[in-house]
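See below for the structure under consideration.
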Amino acid sequence: MSQYQETRRFKCMGDAGNPCTVIEQIRIADEAISIPRTDYMTVDGEVANRLDRKHFLILMKGEVVKIKRALRKKH
C-alpha cells in the first residue's frame, strides 16, 4: 500500500468564482514504486492535474482553476 505525505496546499478560484483548495502530496516510494511521485487532489477528494505554474485541471469536473496562492503545510 502506498504512503502519502502532504507537502502543501493551494487556494484556487474557478472561472465561475468558486473557491477550492488543491492538496499536493508525495507518494513515497515502496516495493511497487521505485521513485516518489507527486499527486494532486482537492479537499473534496477530486483528482486534479497541474497544468502549469498557475493552473490546475479538476479532472472529474473538467474545470480549470487558477492558483491564488500556495499555503505551506504547518508543522
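Residue numbers (the working numbering): 290 to 364. Heads up, the beta-carbon is just placed ideally off N, CA and C, and yes, glycines get one too.
Distance from L348 to V336 at the Cβ level is roughly 5 angstroms; contact confirmed, criterion being Cβ atoms closer than 8 angstroms. When the Cα atoms are used, Y293 and A359 turn out to be separated by approximately 19 angstroms. When rounded, the separation of the alpha-carbon atoms in C309 and C301 is 5 angstroms.
A straight line joining the alpha-carbon of T296 with that of D341 spans about 18 angstroms. Restricting attention to R361, M330, G351, K357, the CA atom closest to the CA of K343 is found in K357. Cα atoms of Q314 and V353: separation of roughly 19 angstroms, rounded to the nearest angstrom.
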